[in-house]
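Read through the structure below, which is laid out as structure tokens, and then see the notes.
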Amino acid sequence: MHPDEFRRHAHAAVDWMADYLRDVGALPITPAVSPGDIRRQIPETPPLDAEPFDALLDDFRQVIVPGMTHWNHPGWFAYFPCNNSPPSILAEMLTATLGAQGMSWATSPAATELEQVVMDWLRQMLALPPDFVGVIQDTASTATLVALLTARERATGGRSGAEGLAAADAPLAVYASREAHSSVDKGVKLAGYGLDRLRHIDTDERYAMRPDALAAALERDRAAGIRPACVVATVGTTSSTAIDPLRPIAELCRRAGVWLHVDAAYAGAAAIVPELRTLFDGMETADSIVFNPHKWLLTNFDCTAYFVRDPSALLSTFQATPEYLRTAYDADVVNYRDWGIQLGRRFRALKLWFVIRSYGVEGLRALVRRHVALAQELAGWIAADPEYELLAPAPFGLVCFRWRPPGRSEQELDALNARLLAAVNAGGERFLTHTRLGGTYTIRLVVGQRETGREHVRAAWDAVREAAGGLQASR
Ligand SMILES: *Cc1c(COP(=O)(O)O)cnc(C)c1O
2 MHPDEFRRHA HAAVDWMADY LRDVGALPIT PAVSPGDIRR QIPETPPLDA
52 EPFDALLDDF RQVIVPGMTH WNHPGWFAYF PCNNSPPSIL AEMLTATLGA
102 QGMSWATSPA ATELEQVVMD WLRQMLALPP DFVGVIQDTA STATLVALLT
152 ARERATGGRS GAEGLAAADA PLAVYASREA HSSVDKGVKL AGYGLDRLRH
202 IDTDERYAMR PDALAAALER DRAAGIRPAC VVATVGTTSS TAIDPLRPIA
252 ELCRRAGVWL HVDAAYAGAA AIVPELRTLF DGMETADSIV FNPHKWLLTN
302 FDCTAYFVRD PSALLSTFQA TPEYLRTAYD ADVVNYRDWG IQLGRRFRAL
352 KLWFVIRSYG VEGLRALVRR HVALAQELAG WIAADPEYEL LAPAPFGLVC
402 FRWRPPGRSE QELDALNARL LAAVNAGGER FLTHTRLGGT YTIRLVVGQR
452 ETGREHVRAA WDAVREAAGG LQASR
């Protein structure tokens, strides 16, 4: 593609992007497709001859976009958000244009140094003490695996890297609440602890880890000759945004010499708001913390912030320097390839830099405050309606609830709420998902998309009650 042609196609693509960002709210939020519908429209064999770019853009518009779920639709209330924003999108275009590798300082000095600076900006935004240093990972799942690998190395006195798990003179165990994210289970499997050595600690009536149950599990293992290696505490669990009590958990970890990893993948963004920081009390006592700017902080997937207090623990776990990667600067610089699993690294700091500068810390705080206030307003409407009930506290942007018309068994209520959710989603104007809390079918509504306003939340609540009325009438 000649540079002049590139310019023309890029302008056309950017025009499409601007229209999309303006109009996405009018698209059906989930596509009306069945498995295989998209594949069938795409040739099974690659083209032998070059095709014009206009044809590619046409197919993108006509085949791909109608088959997409629109995560950046203002009716997005599902899972957790996966926000982007105009400055982040532009940064991704520039990153793609540079096409650089950030594996070492020398391979892209500005990428490494900007990552150091913006991760320290984020640290300050979260009010973490200065001894925390950050690195950008691809996902929270990877960051949690990194924490589990580092904890394994520490629990074996730095020997598991060389000797494998045979270095452990006792079996190692990991602790997380029953409500912890499935990435903990995955990481425990991958890091070689074995799922049988993952202790799912009981939770209280708010779905938060019970420190007394953790203490008992640690004691039981110690008595049985099993060595506790890592506790994963969650601030903002995926099902209900429960908050594990970090201070007593940290004290147990300190006494037992156990690595404390805090998973705040979704909720961490709220720690930039001073009046919400009490929800993170004790986070500064962790050995490592993960949170995803790619969820709530307007930065395109992927961008996971991973903070550690002792980067030497990362180096001793991950450092590998073959001759072909040695440079003259290695003694003086950070080589981020030694801070995690990947060698090759994308230049992800640029989009975070653009986002923080474009909105300012106050602009980002205002966004989080707005979403939390809307979630609280919705929780108020639900609490005030005798036919509905809240199923968990709503400290952030997630509201967990169900419809509870009188005279139904628990089993009937579960089935009824599943039908209610399907009916609400069928309209194509909004998308909500579900979970189970204490066995109970629970509708989750997360306020967190950049453009979601009061009118969208109000319309969603109206749609819930209208759909319930429809189900009631059809009985
Ligand atoms: C979303 C989430 C994760 C996983 O995030 P990825 O970045 O997709 O790996 C982990 N933990 C919690 C609590 C989450 O909400």
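Okay, so the sequence shown: first residue is 2 according to this note's numbering, each after it adds one. All residues carry an ideal CB built from backbone N, CA and C; glycine is no exception. This structure is a prediction, so every number in the text was calculated from the model and none was measured.
Quiz prompt | Straight-line gap, T242 to T328 (C-alpha atoms, nearest Å) | solution = The C-alpha of T328 is placed about 45 Å away from the C-alpha of T242.
Self-check item: Inside the segment 32-72 only - alpha helix (DSSP H) runs reaching at least 4 residues
Solution: Runs of the alpha helix (DSSP H) inside the segment 32-72: 54-60.
Quiz prompt | Pick from A163, D50, R346, Y208 that is closest to G100, judged by C-alpha positions | solution = Nearest C-alpha to G100: R346.
Practice problem: Could you tell me whether any non-hydrogen atom of ligand 1 is closer than 7 Å to the CB of D197? | Solution: Checking every heavy atom of ligand 1 against the Cβ of D197, none is found closer than 7 Å.
Quiz item: Start and end of the beta strand (DSSP E) containing Q138?
Solution: Q138 -> beta strand (DSSP E) spans 134-138.
Quiz item: Counting Cβ pairs closer than 8 Å, one from the segment 38-55 and one from the segment 313-332, do we hit at least three?
Solution: No, the segment 38-55 is not in contact with the segment 313-332.
Quiz item: How would you call S89, buried or exposed, if buried means at least 16 neighbouring beta carbons within 10 angstroms?
Solution: S89 should be labelled buried.
Self-check item: Identity of the residue in E324, S184, Y307, T300 nearest Y360 by Cα
Solution: Check the Cα spacing between Y360 and each of E324, S184, Y307, T300: the tightest is with T300.
Quiz prompt | Runs of alpha helix (DSSP H) lying entirely within the segment 407-473, each at least 4 residues, in chain order | solution = Scanning the segment 407-473 for uninterrupted alpha helix (DSSP H) segments of 4 residues or longer gives 411-427, listed from N- to C-terminal end.
Quiz item: Of the residues I342, R431, V425, which one's Cα is nearest the Cα of T140?
Solution: Considering only I342, R431, V425, the residue with the shortest C-alpha distance to T140 is I342.
Exercise. Would you check if the segment 424-431 and the segment 58-65 touch, i.e. whether three or more CB-CB distances between them fall below 8 Å?
Key: Three or more Cβ pairs closer than 8 Å define a contact, and the segment 58-65 falls short of that threshold against the segment 424-431.
Self-check item: Assigned exposure category for D288 - 16 Cβ within 10 Å defines buried
Solution: D288 counts as buried, since at least 16 other C-beta atoms from the protein chains shown sit within 10 angstroms of its C-beta.
Quiz item: Closest to V335 by CA distance: which of G103, P53, L58, T96 is it?
Solution: Closest by alpha carbon: G103.
Quiz item: Is I30 helix, strand or coil by DSSP?
Solution: The three-state secondary structure of I30, taken from DSSP, is coil.
Quiz prompt | Cβ neighbour criterion (16 or more within 10 Å) applied to V233 | solution = When all chains shown are included, V233 counts as buried.
Quiz prompt | Of the residues V34, G237, L253, the one placed nearest P229, counting alpha carbons only | solution = Considering only alpha carbons, the answer is L253.
Quiz item: Contact between the segment 411-422 and the segment 266-275: three or more CB pairs below 8 Å?
Solution: Contact check between the segment 411-422 and the segment 266-275: fewer than three CB pairs, one atom from each, fall below 8 Å, which does not count as touching.
Quiz item: Is the beta carbon of D186 within less than 7 Å of some heavy atom of ligand 1?
Solution: No - ligand 1 has no heavy atom lying nearer than 7 Å to the Cβ of D186.
Quiz item: From E276 to L127, what distance separates their C-alpha atoms?
Solution: Distance between the alpha carbons of E276 and L127: 12 Å.
Practice problem: Could you check the C-alpha separation between R179 and G439 for me, to the nearest Å? | Solution: Taking the straight line from one Cα to the other gives about 10 Å.
Exercise. Could you tell me if the beta carbon of H182 falls within a distance shorter than 7 Å of some heavy atom in ligand 3?
Key: Among the ligands modelled here, namely ligand 1, ligand 3 does not occur.
Self-check item: Coil, strand or helix - T204 by DSSP
Solution: In the structure shown, T204 sits in a strand (DSSP, three-state: E or B).
Self-check item: Residues that DSSP places opposite M210 in a beta bridge
Solution: DSSP output for M210 lists T204 as bridge partner(s).
Exercise. Tell me whether A243 counts as near ligand 1, meaning its Cβ is closer than 7 Å to at least one heavy atom of that ligand.
Key: The beta carbon of A243 sits no closer than 7 Å to any heavy atom of ligand 1.
Quiz item: For Y171, which residues of its own chain have a beta-carbon under 7 Å away from its beta-carbon, when the five flanking residues on both sides are left out?
Solution: Position check: residue 171 holds Ala in this sequence, whereas Tyr was assumed. Cβ neighbours of A171 within its own chain (closer than 7 Å, five residues either side excluded): G226, I227, R228.
Quiz item: In the structure shown, what three-state DSSP assignment does I244 receive?
Solution: Strand at I244.
Exercise. Find out if the Cβ-Cβ distance for the pair W340, V136 is shorter than 8 Å.
Key: With respect to V136, W340 sits close: the two C-beta atoms are nearer than 8 Å.
Quiz item: Applying the criterion that 16 or more other CB atoms from any shown protein chain within 10 Å of the CB defines a buried residue, is F78 buried or exposed?
Solution: Buried, by the Cβ-count rule.
Quiz prompt | Beta-bridge partners of F292, as assigned by DSSP | solution = Paired residues: A306.
Self-check item: DSSP three-state assignment for D264, whether helix, strand or coil
Solution: In the structure shown, D264 sits in a strand (DSSP, three-state: E or B).
Quiz item: So V185 is in the alpha helix (DSSP H); what residue range does that whole segment cover?
Solution: 183-191 is the extent of the alpha helix (DSSP H) around V185.
Exercise. Can you give me the Cβ contacts of E93 inside the same chain, cut-off strictly under 7 Å, excluding the 5 residues immediately before and after it?
Key: Result list for E93: N301, K352, in chain order.
Self-check item: Extent of the continuous alpha helix (DSSP H) to which P87 belongs
Solution: DSSP places P87 inside the alpha helix (DSSP H), whose first and last residues are 87-99.
Practice problem: Figure out for me which residue from G26, P110, A56 has the closest Cα to the Cα of D333. | Solution: For the residues G26, P110, A56, the minimum Cα distance to D333 belongs to P110.
Quiz item: Which of the three DSSP states, helix, strand or coil, is assigned to A395?
Solution: Annotated three-state conformation of A395 is coil, per DSSP.
Quiz item: To the nearest angstrom, how far is it from the Cα of A395 to the Cα of W404?
Solution: Between A395 and W404, the C-alpha separation is close to 17 Å.
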